[in-house]
Each structure stands twice: as structure tokens, then as C-alpha cells.
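Data first, discussion second: the structure below is written as C-alpha cells.
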Amino acid sequence: MSKRSVAVIPGDGIGPEVIGAALKVLEKVSPNKFDFQEVAMGGNAIDKYGEPLPAASLKTCQNAEATLLGAVGGPKWDNVSPEIRPERGLLGVRAGLEVFANIRPARIFQPLASACPLRKDIADKGIDFIIVRELTGGIYFGEHKAFEINGERAASDLMQYTEHEIRRIAHVAFKMARGRRKILTSVDKANILTSSRLWRDVVNEVAKEYPDVTVNHLYVDNASMQLIRVPSEFDVIVTENTFGDILSDEASQIVGSIGMIPSASLGDNNRGLYEPIHGSAPDIAGQDKANPIGTILAAAMMLRYSFEMSKEADLIENAVDEVLKEGWRTGDIYTDSEHENLIGGKKMCDVIISHL
Ligand code: NAD
């Protein structure tokens, strides 16, 4: 059987370190299955080609079945002109892959429960939900205007959604709920916003195609409270771009370190983009201090969503659980010198591999 193609963007700072770890894990869990094609993007591409996302790099990503990304950026490129900033490459690759659904799991790893800032009785009930955020519509992409009203400065940003933009993200969320506990919470502000009323109508229409999934609707202000009050009751949350941006940052804090959390961005064509949620962490780059778990879990998401390799994804996630249970910790998640072993990123990768 021919190998599955994966474009790999190591990026800058700790990007190459965490990507190196994820590739080792993939090779161990499924030897010789993947054709990894390394792609220049971010600050390193600016240095080499004068732009953050050379056309050839984007083409490789578009031709691959999935793209795995470390992180880009760093102080070296902070003062380059805005059109060629490393982050431009990031937006370019998301747009070029037409990924409109950002999937961010929020799962508490029991051995790290003490890192959860919520009350112990709440955390102990377990936290395991997924936020499905619409990524290419809404206020971030609507018309932005600065103007004057009666001689004073004014500004407006347009929140706009079309039916088809809502329908396609709703399908992604319902399918995801189907593979989990079959509870979907749609978050909107339908008591105030017309775009939210359309959102709610369309989600209810799509719901008819998924009678096995229970749907409920929450206003975004209430949702932000309930995520802290009863996080264990959430399974899949679907919401528009801005609400999702805010709620997913809230969720990342509920479950602990930024170094632990993966994300996937998906489109209609299944050519997903998978990455950790953290940046290039220039403060620890090159010191073997980066926690590779977020990227390793992003690789597991890639197996699950782009390659239908759920069994292998489970193996990786279980190995991470085991390693944490045994007390292995990188610096960002290390709290207890009596029960934990402080290790570097390379060793963390090796220990995870030894559990596969
Ligand atoms: P950051 O996520 O890089 O770092 C924030 C803090 O978390 C730092 O103290 C860092 O050491 C720590 N940290 C991050 N990842 C870690 C890991 N895997 N293990 C251990 N500790 C980790 O955010 P920042 O400092 O605001 O940004 C640094 C650079 O990254 C900037 O140039 C920014 O533009 C860029 N950035 C890129 C992305 C991306 O590529 N997707 C995302 C965010 C920021």
C-alpha cells in the first residue's frame, strides 16, 4: 500500500523540537506508513526565501493528506514588515487549506488534576469535552470600518454568517458528537443577535439528520459560566468564531499547561491541519525544555480525523496517560519533587515511545 502523505512544518523556536518528537511517535506507532515532507514556513522561510509561506510550501501542504505544524515566530522577526510576518504564513496555510472548523479538545489528565484551577470536587467529576469553533467567518472576516459620526470617531465590525457556513460546521460537530457521548451544545447569543438566531435555526435543522445526538442551546455568557460550574456535563460544543476563540482559551486554562493541548483545523476536503496550541516559546528554545505532549496529541488527532486510525490514536493517548501516571514531568507541568521526575522534552518523547 502506498504511504500516506503528511506535510510537516517544523517552524521556529521549539517547533522543530516538538515536531521531531511527534514524528518519532508516529513512526513507532505505525512504522513506514507515512511519507513526511518537510516544508519551510514562518521565520525560517523569511530568512531563506524572503517570505513566510513560499508558494511551493503551500502547494506541498495542499497536495498532502494532512499537515502537521510545530509553531512559528520569534523576536528575530518581530520587526519585519507586517506583510511578511511569520504569523502571515500561519493564516496563509489555514486559508490555503480551506480549514473552517477548529477542534480543540479540553481533557483533564487525572495525574495533572492538581493543575486544574477549579474546585477539586468539580475537577474530580472528570473534564473531557471538545470545542468546535467556526474559523473562517463571523466578525473576524466581516467588514471592518472606521468612520465618523457627528464629528467623533466611530468604528464597526460586521458579524455575518451564511446558512451554508453554519450548516457545514454543524455537520462537523454532530459527527464528532456521534463518535463520543452524543451530546451537542450549540453556543450563541440568539436573545440579541440576528446572526445567532440564524445560527440556532440552522443547527436545529441539521439536528434532524442526527436524531441520536441530544442538542441543547446556551447563550455564550451562560456557557462561559457553566464551563466552570459543571464542565463534566459538556461533550461537544459548537460555536461561531469569536465566541469559540474566547471559550477555547477559557477551556485551555481549566485543563492545565499550554504545552499539553493539541488542536485540529478541518475543512470539507479532509486535509486537516494539526498543531499544538502553544507558540514557538523562544525563551526555552534549544534547551530541551519544551513539552512535546501537545504536538504528540495533535499527531494522534491527525491519525483519528485524517487517516481513520483511531486504534493508533488511542494507543498514543493512553501512552501519554500512563507516562503522566508514572510521574514523568517536563518543567511546565512539574510541581511535586517527591512524586515526580523532572525530565527534558527528548526524554519525555522516549518514555512515551516506550509505552507504545
Ligand atoms: P508561547 O506559547 O510561545 O509561550 C508562552 C509561554 O509558555 C512561554 O513561557 C513558553 O516557554 C511556554 N511554553 C509554550 N509552549 C511550551 C511547551 N511546549 N513546553 C513548555 N513550555 C511552553 O507564546 P508567546 O511567548 O506569546 O509567543 C512566542 C512566539 O510564538 C511569538 O512570536 C508568537 O507570535 C508565536 N506564536 C505562534 C503560534 C503558532 O505558531 N501557532 C501561536 C502563538 C504564538
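Mapping to our numbering: the sequence shown position 286 is 286, numbers consecutive. We treat Cβ as the ideally placed atom computed from N, Cα and C, and that holds for glycine. This one's a predicted model, so the numbers in the text were calculated from it and none came from an experiment.
According to DSSP, is residue i helix, strand or coil?
i	result
R161	Note that residue 161 is Tyr in the sequence shown, not Arg. Residue state, collapsed to three classes: coil.
G70	strand
H278	coil
H171	helix
I130	strand
V187	strand
N318	helix
C349	helix
T60	helix
P75	helix
K365	Summary: the structure shown does not reach residue 365, with the chain confined to residues 1 through 356, and so no result is reported for it.
I258	helix
T194	helix
L247	helix
N204	helix
L90	helix
G42	coil
E358	Any question about residue 358 goes unanswered here, given that the chain covers just 1 to 356.
D47	helix
G96	helix
Compute the beta-carbon to beta-carbon distance between residue i and residue j, rounded to the nearest angstrom, for a pair I have assumed lies under 8 Å.
i	j	result
G256	L112	5 Å
F129	V206	Not quite, the Cβ-Cβ distance comes to about 20 Å (not below 8 Å), so this is no contact.
H217	S186	5 Å
I46	V80	6 Å
What does DSSP give as the partner residue(s) for residue i in the beta ladder?
i	result
Q37	A7
W328	N341
G272	A66
S156	K145
A101	E134, L266
R107	D128
T214	I183
Buried or exposed: which applies to residue i, given that a residue is buried once 16 or more other Cβ atoms fall within 10 Å of its Cβ?
i	result
V230	exposed
F147	exposed
N44	buried
S114	exposed
D212	exposed
I192	exposed
D12	buried
K120	exposed
K311	exposed
G151	exposed
A55	exposed
E134	buried
T335	exposed
A95	exposed
So is residue i in contact with chain D if we call contact Cβ pairs under 8 Å?
i	result
A173	No chain D appears in the structure shown, which is made up of a single protein chain.
Note down, one range per segment and in chain order, each alpha helix (DSSP H) of at least 4 residues found wholly within the segment 219-245.
Runs of the alpha helix (DSSP H) inside the segment 219-245: 220-229.
Entirely within the segment 280-316 and at least 4 residues each: give me those alpha helix (DSSP H) ranges in chain order.
At a cut-off of 4 residues, the continuous stretches assigned as alpha helix (DSSP H) that sit fully inside the segment 280-316 are 293-305.
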